[in-house]
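Student: Dumping the structure here so I can ask a few things about it.
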Amino acid sequence: MEKLKALVPETLKRRILASTADDLLSTSSSLLDFFDPLPLFHRIVGELTDSESGLCSKDKKVALESKLKGNECFSRGDFPDAVQFYSKALRFAPAGVDEMGKDLVSVLYVNRAFAFYKMGLLVECLRDSSRALSNSPGYIKAWFRRGKANASLGNHEDALRDLTISMKLEFSLSGKRQIENEMKMILDRSKEKTSSLQKSGSLQTSDECRLDIPDEPCQIKLQCVSTTTKGRGLTTLADIPEASLVHEEDPYAALCQVQASGDKMYDTAIDGSFIYKFSDDLQKYMSDVVSVKFSSSCSKNFTEHGHECGGLHWPLVLPSEVVLAGRVLAKYIEQQRPSSLNLSLRGLWDLCHNYAQLPPESKLEFHVYSIVLMRCLQHSYGSEFAISGETIAQLVILLSQIRANSMAIVRMTSFDAIGSLRQHPKFSPAADASTISMKQMKVGQAVYLAGSMFNHSCQPNIHAYFVSRTLYVRATEYLARGSELELSYGPQVGQLDCKDRQQFLEDHYSFSCKCSGCSQLNLSDLVLNSYRCVKMNCYGVVLDSHVVEYENQKLHSFLGPPGMINSNLKVDKCRIDSISKIARYVLENNHLVKPGCCLNCGTERDLESLHSAINEADICFRGLQDAFASSEVPVNALQDALRSLDLLRRTIHPLNKRLAEMEDSLAQAFCLVGKLQTALDHCQKSIKILEKLYDPNHIAIGNELLKLASIQLSFEDSTASDTLNRVAAIFLRYYGSHANKIFPCLQLLKEEALRNQ
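Below you can see the structure in the form of C-alpha cells.
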C-alpha cells in the first residue's frame, strides 16, 4: 500500500490530510478517479483476490519456516509467540501436503493445540485437536491432545474415550505406557473428586465461593441516555446486585487470530478399514468427532468472512480494521439480499467515530484502504457492489467507527499451570517449580453494536469478558437505579498513573478521560510511581515532574478555602484520610504540588539522583527476568536482585508499584530455587502493596492470590484454603458461573486444598 500512497499527487494528499467528515465525498471521489486508471492499483487488487498468486497465495516453504519458528518458541516456553507462528503457518499451508508421513495442516493444528494447552486455553486446545482429526482421523497425537484437554476441562468420560482410541492406534510400548498412565491419572482424579465432594469443608460449602451456580437469563433492562461529558451511554432502570450479568452479545463481525487456516473445511468420511478396530460406541464417538462441520459453521454462522474462505489471507496482509470492515460489508450485503443492488452504507451503524481526531496519515490510509477494499469486495459480489465517491466516503467513516468501537477479544492464560497440576497429584518444590501466572492474551478483535454503547471509566463498575466470541458484561459492585454502567477501555487506576492512562486513551480512542479516577485525587495515582521522602520516618510522597501537572489539576477540585477540603465534593472520609497520610503538607496549606517536594513535610529531594538509582536497580532487575527464560536462577543474579530491592526501598515510596513487581519476581525466583517460605514472604509483600493500589477485591488481586495459593499448597500451608476462598469470591464477582471455565486451574487448586485438609 505504501507504493499506492506514494503515487498520490501532493495537492490531493494535502486535501486528504486536512480533511474533515464533511470533505469526504470530495476527497474520496478524487482519489477514486486517480486510482482507477493505474495498473499498479489493479495489480494489488488482483493479488488480494487471487488465492493462487500474489499476496494471498499458499506457500509450503513459508508454512514450514513458520512451523520451525513456532517449534523454537515452544521449546523456550514462549507459547504466545508459538501460537502466532503456528497460525501463520496454517494460513500458508497448502491442503493435502505430506510432511514426514503426516498431513502438514493436521500437524500444525496439533502443535498449536499443545501450545494452547500449555497456556491453559483448553477450549482452544480441544478445538484445534478436533480440527486435526477432521483432516486425519488416524492421527494418534491429535486423539491424545484431545484427551488431555477434555481431562483438564473435567470431561472425564470423553477424555477416556479419546485416550482409548489413541491407545488402540499406538504401536510403541513406550507410547502405550504413557497413555495408560494418563488414563490411570484421570480415573484417580475422578475418584478423588467424587470423594472430596462428599467431605464437609469450608472450601466447597461456602455459598459465596460457589462458582458452579448457573446465571439466570440476562433480564436487566438498560436505557440509552445522553450525558454531558461522555455523549451517549447506558444506565440501569433498576437496582443491580453485585456480580449480576447485565449484558450478553455475539459480535456483528469478528477477526480471530486463532481461527482456521482460511481454506474451506469439509466433512471427512472415515475409511472403513480404520473403523473396524473399534467397538460400536467408540465408532459412533469417532464419527461425531471427526465429522465436525466446519463448512456449515462457516457458511451459516459466520457469513461475514465467506469472501475469504477460498484461501484468501486478508488478516495476514491487511490491518485488522480493514478486514473487519470487509466482513461487516459482506454480512450487510447477505442480510440485504436480494435487494442489495446499488447498496448504500449510509446509516449502517449509529455509532460514534473519531475521523476528525485521526492523525493525518491515518486519514490517507483509510482513503486508500477503502478504495482497495471496495474493489476487492466487488470481485466477490459483482454488480451488487456499486462503487462511487459516496460509498468510499461511507467506508472511510465505517473504518473510523471500527477503530473507535471495536473490542479486543482476550483470554486469560495460566502458563503451564494445567500441565504441572495434572502431572503431579501433590504439590512439591520439584513439581511446581514456579508460581501460577495468569496473563491476558489478545486472541481477536470484534464489533459489538450494543457493547460499544458502554462508556469508559478508569474506575469501572462493570467487567467485560469473553467466552469464545460472545461478550459478557457483569456488574462488579452494587448499582443503584439510574447509575451509568462504565467499563474500562484499557488501563485502570492501579495499573498506570493518570498521565499514562490519558496518553493511552488519547492514542487509541482520541479522547481525554474525565472520570472520577482522572478528575479526583486518589491514593493510587499519587503513590504508583512516586519516590519516598528523604526523611526515613516520613511517609510522604515525592512526585516526578511528568505527573505533577495531572495531580495539580485534581488538587484544584479537591481543595476549597485554605486549610479545608471542598465541602461540595463527595469524597469519603477513608479516602481523605489515606491521602492525608502522604500529602498532609499540601492539603493543609492549600499548596500546589511541586516536583521533587515531599507532599507531607515539604522537604525537597534531588530528582536526578533518584533517576540514577532507579536505572541502577533496573539493570539488576532485568538480569533476574532474563534468568526466568531458562528456569534457572544463578546465585549472583538473585543476590544482585536483593541488593536492587534494598536500593529501591531507600529510593521509592513503599507503595510504588515497582516494589510490588520486584517482590513478585523475587517470589518466582525463590520458587525456582526451592526456597518456598522466602518465596511466600515476597509474594505476600507484593500483594500487600497492590491492595493499596487497587480495591482489595479487584480482579488483579484475585490473579495475584492464585500465585500465593500455589506457593502455600507447595508445602501444605493450612491457610491455602482461606486464600482460595477469597480467590473464588473475587472470581465470582467478575465472572460468575463462567469462572471455572475461564480459570480451570482454580478447580485443581481447590481439589488439592481439600486433600490437604
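Every number in our numbering is 10 more than the matching position in the sequence shown, counting from 1.
Don't be surprised by glycine CBs; every beta carbon is placed ideally from N, CA and C.
Computed from a predicted model, the values in this text were never measured in an experiment.
#1: Output the distance between the C-alpha atoms of G106 and E671, rounded to the nearest integer angstrom.
#2: Do A123 and A99 have their C-beta atoms within less than 7 Å of each other?
#3: Tell me, to the nearest whole angstrom, how far the beta carbon of D138 is from that of Y119; I am working on the premise that it is less than 8 Å.
#4: Since Q635 is in the alpha helix (DSSP H), which residue starts that stretch and which ends it?
#5: DSSP three-state call for E762: helix, strand or coil?
#6: In or out: K580 buried (at least 16 other Cβ within 10 Å) or exposed?
#7: Here's the rule I'm using: 16 or more other beta-carbon atoms within 10 Å means buried, otherwise exposed. How should W153 be labelled?
#8: May I ask you to list the residues that DSSP assigns as paired with E20?
#9: Taking only three categories from DSSP, how would you classify E259?
#10: Just to confirm the assignment, what range does the beta strand (DSSP E) spanning C234 have?
#11: Between Y379 and V332, which are expected to be in contact by the criterion C-beta below 8 Å, what is the C-beta distance as a whole number of angstroms?
#12: Is C468 buried or exposed, if buried means 16 or more other CB atoms sit within 10 Å of its CB?
#13: From D727 to E761, what distance separates their C-alpha atoms?
#14: Can the beta-carbon of H473 be found closer than 7 Å to that of R484?
#15: Could you tell me the alpha carbon to alpha carbon distance between D360 and G500, rounded to whole angstroms?
#16: DSSP three-state label for D554, please.
#17: In its own chain, which residues sit with a C-beta less than 6 Å from the C-beta of P435, not counting the 5 before and 5 after it?
#18: Do you know offhand how far H692's Cα is from L716's?
#19: Would you give the residue range spanned by the beta strand (DSSP E) that Q450 belongs to?
#20: Is N364 helix, strand or coil by DSSP?
#21: Is there contact here, the segment 549-557 with the segment 525-541, by at least three beta-carbon pairs under 8 Å?
#22: From the DSSP output, which residues share a beta bridge with A832?
#23: The alpha helix (DSSP H) that contains G2, what's its start and end?
#24: Return the residue from the list Q512, M451 and N750 that minimises the CA-CA distance to H466.
#25: Can you give me the start and stop residues for the beta strand (DSSP E) that L74 sits inside?
#26: Report yes if the CB atom of K71 is closer than 7 Å to the CB atom of P104, and no otherwise.
#27: What are the boundary residues of the beta strand (DSSP E) that includes A485?
#28: Just to confirm my understanding: we take A623, look at its own chain, exclude 5 residues before and 5 after, and list those with CB closer than 7 Å. What are they?
#29: With DSSP collapsed to three states, give me the class of V145.
#30: K240 to Y475, Cα distance in whole Å?
#31: Per DSSP, T3 is paired with what?
#32: Run the CB neighbour count on F181, radius 10 Å, all protein chains shown included, and call it buried at 16 or more, exposed below.
#33: When the Cα atoms are used, what is the spatial distance from T246 to E496?
#34: Please report the residue range of the beta strand (DSSP E) in which V774 lies.
#35: Within a Cβ cutoff of 6 Å, which residues of the same chain sit near G562, ignoring the five residues on either side of it in sequence?
#36: Roughly how many whole angstroms lie between the Cα atoms of S747 and P605?
Tutor: Quick look at the numbers:
#1: Rounded to whole angstroms, G106 to E671 spans 48 Å at the Cα level.
#2: In this structure, A99 does not lie closer than 7 Å to A123 by Cβ.
#3: In this structure D138 is in contact with Y119, their Cβ atoms being roughly 5 Å apart against a cut-off of 8 Å.
#4: Per DSSP, Q635 is one residue of the alpha helix (DSSP H) stretching across L617 to F638.
#5: In this structure, E762 counts as helix in the three-state DSSP scheme.
#6: Note on K580: pLDDT 45, under 50, position unreliable in the model; the coordinate value appears next. It counts as exposed.
#7: W153 should be labelled buried.
#8: Paired residue(s): none; E20 is not in a bridge.
#9: Residue state, collapsed to three classes: strand.
#10: Per DSSP, C234 is one residue of the beta strand (DSSP E) stretching across L232 to T237.
#11: Right, the Cβ-Cβ distance comes to about 5 Å (below 8 Å), so this counts as a contact.
#12: Buried is the call here.
#13: The alpha-carbon atoms of D727 and E761 are separated by roughly 14 Å.
#14: In this structure, R484 lies closer than 7 Å to H473 by Cβ.
#15: Each residue's Cα considered, the two are about 23 Å apart.
#16: In the three-state DSSP reduction, D554 falls in the coil class, being neither helix nor strand.
#17: Because the pLDDT at P435 is just 41, under 50, the model does not fix this residue reliably, and the value given afterwards should be weighed accordingly. Excluding positions up to five away in sequence, the list is empty.
#18: The alpha-carbon of H692 is positioned some 14 Å away from that of L716.
#19: Boundaries of the beta strand (DSSP E) around Q450: M448 to V457.
#20: Three-state DSSP puts N364 in coil, outside helix and strand.
#21: By the C-beta criterion, the segment 549-557 is judged to be in contact with the segment 525-541, since at least 3 inter-stretch pairs fall below 8 Å.
#22: The structure shown does not extend to residue 832, since the chain is modelled only from 11 through 767, so no value can be given for it.
#23: Outside the modelled stretch of the chain, which goes from 11 to 767, sits residue 2, for which no answer is possible.
#24: Closest in C-alpha terms to H466, from the list Q512, M451 and N750, comes Q512.
#25: Note, L74: premise wrong, no beta strand (DSSP E); alpha helix (DSSP H) at K70 to S85.
#26: In this structure, P104 does not lie closer than 7 Å to K71 by Cβ.
#27: Boundaries of the beta strand (DSSP E) harbouring A485: T480 to A485, taken from the DSSP string.
#28: These residues qualify, in order along the chain: L657 and T661.
#29: Inspection of the sequence shows that residue 145 is occupied by Asn rather than by Val. If DSSP states are grouped into helix, strand and coil, N145 belongs with the helices.
#30: One C-alpha to the other measures close to 23 Å.
#31: Only positions 11 to 767 of the chain appear in this structure, which leaves residue 3 out of reach.
#32: Around the CB of F181, fewer than 16 other CB atoms lie within 10 Å, so the residue is classed as exposed.
#33: Here the alpha carbon of T246 sits roughly 11 Å from the alpha carbon of E496.
#34: No statement about residue 774 is possible, as the shown extent of the chain runs from 11 to 767 and does not include it.
#35: The question names Gly, but residue 562 is Asn in the sequence shown. Result list for N562: L602 and V603, in chain order.
#36: Going from the Cα of S747 to the Cα of P605 covers about 47 Å.
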